[in-house]
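Last residue of the sequence shown: number 220 in our numbering, and the count goes up by one each step with no gaps.
The beta carbon of each residue, even a glycine, is placed where N, CA and C say it ideally should be.
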Amino acid sequence: MMLVCVILLGCSRKIGEKQITATRPGSFRETTSVGSLMRDRIFDSKKVYSFFEGNPIIEYSISDSSQTERSTASKKSNSFWQHVWSGELFDELTGAAHLTKIDWVELTMTFIVDVLRAEARVINKSSTVEPFKWALWRNYLIHRFSLDPLVSDDHIRSECKKWQQEQNQKRESSEKDFSMIAAKRGCATFQS
29 MMLVCVILLG CSRKIGEKQI TATRPGSFRE TTSVGSLMRD RIFDSKKVYS FFEGNPIIEY
89 SISDSSQTER STASKKSNSF WQHVWSGELF DELTGAAHLT KIDWVELTMT FIVDVLRAEA
149 RVINKSSTVE PFKWALWRNY LIHRFSLDPL VSDDHIRSEC KKWQQEQNQK RESSEKDFSM
209 IAAKRGCATF QS
């Protein structure tokens with residue numbers, strides 16, 4: 029049980045340290061960490077809502093993994109606890125991250141940011157879709173179209189439009205094709 033707690037703590041640290049930047053029209057940029065957003069959501073939610081006010085363009089900072097691999101190799105810190113804190117132990121235990129090339133830390137981070145972003149849109153009256161529902165559909169579309177978790181909203185919109193055009197050209201799709209129905213509903217929810 030202690031090992032599970034240590035792994036979860038290490039995972040939350042990896043998510044909390046990720047940086048995001050909100051860019052608004054007029055070249056106003058603001059950068060914060062996901063951990064700060066989560067803390068502010070609990071203690072001062074107005075800060076979170078002001079960060080996402082005006083539906084800004086969200087950019088995620090990507091760390092250079094090759095540089096971090098070189099620095100950890102040079103330090104030669106292959107201790108068990110370094111293995112646990114880096115998240116590699118969880119990846120080895122589940123095996124899913126190596127098989128499917130999914131970065132679960134990035135997926136979790138984008139899901140948290142999407143929920144906070146959608147919540148701010150509802151508070152600002154620019155959307156009526158439930159925040160959790162919007163974030164889940166966005167996550168589904170990322171998987172459906174095999175996109176990078178840090179993809180922009182514009183790219184998802186373009187994939188939805190392209191997919192909808194392909195479906196309109198086919199027009200012979202069955203009403204019981206649940207994957208088509210799910211993608212159609214996901215695109216409609218995401219674009220609302």
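Status (buried if at least 16 other CB within 10 Å, exposed otherwise) for residue i
| i | result |
| --- | --- |
| alanine 216 | exposed |
| lysine 74 | exposed |
| arginine 213 | exposed |
| aspartate 142 | buried |
| phenylalanine 160 | exposed |
| isoleucine 140 | buried |
| threonine 156 | exposed |
| lysine 190 | exposed |
| phenylalanine 56 | exposed |
| alanine 148 | buried |
| glutamate 187 | buried |
| lysine 46 | buried |
| glutamine 219 | exposed |
| isoleucine 170 | buried |
| isoleucine 85 | exposed |
| isoleucine 70 | exposed |
| serine 207 | exposed |
| threonine 59 | exposed |
| arginine 166 | buried |
| arginine 145 | buried |
| isoleucine 209 | exposed |
Secondary structure of residue i, DSSP reduced to three states
| i | result |
| --- | --- |
| glutamate 81 | coil |
| glutamate 58 | strand |
| threonine 49 | strand |
| histidine 126 | Note that histidine 126 has pLDDT 45, beneath the 50 cutoff, so the model's placement of it is unreliable and the number below is only indicative. Helix. |
| glutamate 87 | strand |
| serine 220 | coil |
| isoleucine 70 | helix |
| leucine 175 | coil |
| valine 150 | helix |
| glutamate 134 | helix |
| valine 143 | helix |
| valine 76 | helix |
| serine 155 | coil |
| serine 64 | helix |
heavy atom of the ligand FAD below 7 Å from residue i C-beta
| i | result |
| --- | --- |
| glutamate 187 | With respect to the ligand FAD, the structure offers nothing, as it holds no ligand at all. |
Quiz item: Do three or more CB pairs link the segment 134-154 to the segment 68-86 at distances below 8 Å?
Solution: Touching, yes, given that three or more Cβ pairs across the two stretches are closer than 8 Å.
Quiz prompt | alpha helix (DSSP H) segments (min. 4 residues) lying fully within the segment 179-214 | solution = Runs of the alpha helix (DSSP H) inside the segment 179-214: 181-198.
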